[in-house]
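Note sheet for the following structure.
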Amino acid sequence: MGSTTMVALLTLALLVLGSCGAKVQEEDPQFWRSQARRTLQSVLDRKLNTNVAKNILFFLGDGMGITTFTAARILKGQLQNQTGEETVMTMDTFPNVGLAKTYSVDFQIPDSAATATAYLCGVKTNLNTIGVNAAGRNGICKTQKGNEVTSILKWAKDAGKSVGIVTTTRVQHATPAATYAHSVSRKWYSDADVPESAKREGCTDIASQLIKNTDIDVIIGGGRKYMTPRGTKDPEYPRDFLSRGKRKDGRNLIKEWQILKTGKVARYVWNKSDFDAVDPETTDYLMALFEPGDLRFEEDRNPSMDPSIIETTEKAIRILQKNPKGFFLLVEGGRIDQAHHDGRAYMALHETVAFDNAIAKGLELTREEETLTIVMADHSHPLTFNGFPFRGQSILGKSPLWATDFLPYTTLMYGNGPGYKVVNGKRPDLRNVTTKGKDYVQLSAAPLESTTHSGEDVAVLARGPMAHLLQGIHEQSYVAHAMAYAACVGDDLRHCQEQPMPELDTSLSSAQ
Ligand SMILES: *[C@@H]1O[C@H](CO)[C@@H](O)[C@H](O)[C@H]1NC(C)=O
Ligand SMILES: *[C@@H]1O[C@H](CO)[C@@H](O)[C@H](O)[C@H]1NC(C)=O
Ligand SMILES: *[C@@H]1O[C@H](CO)[C@@H](O)[C@H](O)[C@H]1NC(C)=O
Ligand SMILES: [Zn+2]
């Protein structure tokens with residue numbers, strides 16, 4: 001079909017159906033002009049915030065590429081019965097926007113281990129490796145020693161701040177692991193995953209490093225099975241064999257952690273009722289592991305057993321913010337990526353909407369003058385956003401145009417992944433297929449069991465002290481250095497030497 005035919009078809013379709021999504025106010029040019037004037041004024045009124053960041057609130061959407069970002073915005077609006085495109089997500093309100101280049105030292109397109117080492121430890125490295133520089137080789141224990149690099153979580157702890165990790169995956173997964181562990185393999189979750197030769201050479205599993213390396217105040221996510229001796233029954237799924245403890249060394253890391261924290265108020269919980277009973281005012285340490293492995297997708301979550309990412313973010317901040325020196329908190333929306341790997345855009349977008357709501361909770365509980373809040377993705381996925389759906393059409397629906405094979409296609413599709421299908425030499429006929437369900441797998445161009453990542457830049461959003469440092473296009477590893485500079489942690493302390501901590505609290509209390 002030529003582009004003229006296509007435009008003609010589109011025009012016809014718009015004439016017939018186009019008015020359904022349009023809004024009368026948008027036909028008035030004054031609507032756009034006054035909206036732009038309000039935006040302009042808010043940008044003109046913006047003042048550079050050069051304070052020292054007392055707190056760093058770091059939100060990481062795993063696999064939350066820009067297509068996911070836009071599509072989730074539309075979904076968020078549509079869930080509130082809006083057309084969706086015009087919706088302003090919490091993420092959209094961040095005044096400083098940059099892009100990060102995500103490639104790893106060895107691959108054009110990275111994984112979550114190499115990227116987490118970049119934006120948390122400030123050093124680019126190789127695929128599959130955590131908390132080691134690029135001289136460390138994937139899976140080769142001998143290359144680990146001497147090549148360890150530490151993270152901003154450790155720098156913040158060393159500077160006297162409280163620190164925490166919140167994730168929707170297992171807490172030993174690549175992203176959170178890069179805050180505390182050094183491992184030439186991201187897969188060494190428990191000692192049962194570490195080859196005997198690597199153990200002999202002195203390499204240890206990620207779960208054991210969780211309780212040994214940095215003293216982390218708040219640990220929330222999944223991953224119970226890597227913490228207990230092999231065969232230990234899971235408290236929630238006692239009959240499920242796969243949920244049982246994995247450790248060959250017989251250690252119970254949950255019990256060891258409780259003993260290590262003797263004398264402090266340290267709570268271990270594995271379900272929502274115990275979690276709700278944790279009083280942040282009196283709790284020093286919290287370890288909450290809600291599943292044997294990763295948490296469930298938000299849309300599959302049992303709200304009586306597991307809290308949402310909004311609730312876990314709130315609890316973490318309330319515990320950490322008791323420290324007068326401030327805190328560093330990583331909050332990971334970790335399953336956006338996993339839904340994309342399954343080719344399930346519905347799940348990926350709903351995970352992203354929940355993540356955006358967690359960010360809103362974070363902003364509500366902190367103050368912009370003293371808290372540097374960053375939102376970014378580690379890498380993207382080959383999700384495409386195809387033309388030309390009408391305004392307000394479901395983001396999970398189909399294009400009103402058909403392709404040259406006279407078959408419809410969905411607005412969202414994948415470049416590769418499990419959705420590849422050929423029926424009688426043609427693409428499957430979607431005319432009678434509901435594409436909006438949570439189990440629907442979008443079509444992909446090349447067959448793969450798991451959709452890969454993709455290599456375009458990811459967005460970096462920032463607000464609060466020194467947030468303007470994140471503007472521009474930078475290497476992903478720069479992010480750790482910018483955060484550290486803003487908060488005066490790590491080894492570059494010029495910012496607090498030039499400018500003492502603003503006496504925010506004093507001025508506030510004297511004003512009261
Ligand atoms: C959106 O509309 C549906 C169907 O009319 C309704 O059930 C739902 O409560 C509405 N949701 C919101 C957020 O208004
Ligand atoms: C939550 O965990 C506690 C501690 O193990 C247990 O006593 C309680 O029964 C659990 N609650 C549910 C609903 O399983
Ligand atoms: C779609 O469903 C309609 C009504 O049930 C049926 O007549 C039609 O043949 C179906 N089309 C395809 C392509 O399956
Ligand atoms: Zn991934």
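With full-length UniProt numbering, letter number 200 in the sequence shown gets 200, and the count goes up by one each step, no holes. Where a beta carbon is used, it is the ideal one built from N, C-alpha and C, also for glycine. Note that this is a predicted model, so its numbers are computed, not measured.
Give the single residue among the options whose Cα lies nearest to the Cα of residue i.
i, options, result
"A113", "K212, L372, A178, T169", "A178"
"K261", "V218, S444, D276", "V218"
"R224", "T283, V269, W188, L493", "V269"
"R244", "P229, W257, Q258", "P229"
"residue 552", "E456, S399, K124, G164", "Past the boundaries of the shown model lies residue 552; the chain is included only from 1 to 512, so the question cannot be answered."
"C141", "A156, V171, K315, N128", "N128"
"T117", "G362, N133, A266, A53", "N133"
"T452", "D62, P95, L44, K421", "D62"
"N416", "N424, N55, T384, P428", "T384"
"G419", "I319, H495, L448", "L448"
"D457", "G65, F69, R494", "G65"
"Q471", "A100, K23, S34, L57", "A100"
"I220", "D306, S185, V184", "D306"
"S450", "E332, W32, Y485, P382", "P382"
"K209", "Q82, W188, A36", "Checking the displayed sequence, the identity of residue 209 turns out to be Gln instead of Lys. Nearest C-alpha to Q209: W188."
In the DSSP assignment, find the beta strand (DSSP E) that holds residue i and state where it starts and stops.
i, result
"F58", "55-61"
"P408", "408-410"
"R463", "458-463"
"N96", "96-101"
"V353", "Taken as a continuous stretch (DSSP letters only), V353 belongs to no beta strand (DSSP E), being part of the alpha helix (DSSP H) at 345-365."
"R170", "162-170"
"residue 527", "The structure shown does not extend to residue 527, since the chain is modelled only from 1 to 512, so the question has no answer here."
Mapping the DSSP letters down to three states, classify residue i as helix, strand or coil.
i, result
"L329", "strand"
"P29", "helix"
"H495", "helix"
"V194", "coil"
"W257", "helix"
"W270", "coil"
"S509", "Caution applies to S509, whose pLDDT of 39 falls short of 50 and renders its modelled position unreliable; the model cannot decide the point."
"I220", "strand"
"G2", "With a pLDDT of 48 at G2, under the threshold of 50, the predicted position of this residue should be treated as unreliable, though the coordinate-derived value follows. In the structure shown, G2 sits in coil (DSSP, three-state: anything other than H, G, I, E or B)."
"W188", "coil"
"R285", "Reading off the sequence, residue 285 comes out as Tyr, not Arg. Three-state result, Y285: strand."
"A446", "strand"
"H474", "strand"
"residue 513", "Any property of residue 513 remains undetermined from this structure, which presents the chain solely from 1 to 512."
"T93", "helix"
"F385", "strand"
With 9 Å set as the bound, which would you pick, yes or no: does the beta-carbon of residue i sit closer than that to a beta-carbon of chain B?
i, result
"Y346", "Among the chains in the structure shown there is no chain B, since it carries only a single protein chain."
Quick one: give me the first and last residue of the alpha helix (DSSP H) that residue i is part of.
i, result
"V479", "478-487"
"I310", "309-320"
"L295", "Neither: L295 is in no alpha helix (DSSP H) and is coded neither H nor E."
"T179", "174-180"
"A377", "Careful: A377 lies outside any alpha helix (DSSP H), inside the beta strand (DSSP E) at 371-377."
field: the region 269-283 in contact with the region 209-216 per 3-pair CB rule at 8 Å
entry: No, the region 269-283 does not touch the region 209-216.
- prompt: Three or more beta-carbon pairs under 8 Å between the region 338-346 and the region 435-455, yes or no?
  reply: Yes, they touch.
- prompt: Is the region 315-331 in contact with the region 151-169, if contact means three or more CB pairs nearer than 8 Å?
  reply: Yes, the region 315-331 is in contact with the region 151-169.
For review: beta carbons within less than 6 Å of any heavy atom in ligand 4: Counting every residue whose Cβ lies closer than 6 Å to a heavy atom of ligand 4, we get G63, S112, D337, H341, H453.
task: Evaluate contact between the region 384-402 and the region 352-363, counting only Cβ atoms and requiring at least three cross-stretch pairs below 8 Å.
output: The region 384-402, when compared against the region 352-363, does not touch it at the 8 Å Cβ threshold.
field: Three-pair Cβ contact test at 8 Å for the region 400-414 versus the region 86-102
entry: In this structure the region 400-414 does not touch the region 86-102; the number of beta carbon pairs closer than 8 Å is below three.
- prompt: With distances taken from each beta carbon to the nearest heavy atom of ligand 1, which residues come in below 7 Å, in chain order?
  reply: Listed along the chain, these residues meet the criterion: L79, Q80, N81.
- prompt: Do the region 145-158 and the region 306-319 meet, that is, are 3 or more Cβ pairs less than 8 Å apart?
  reply: Not touching, per the Cβ criterion.
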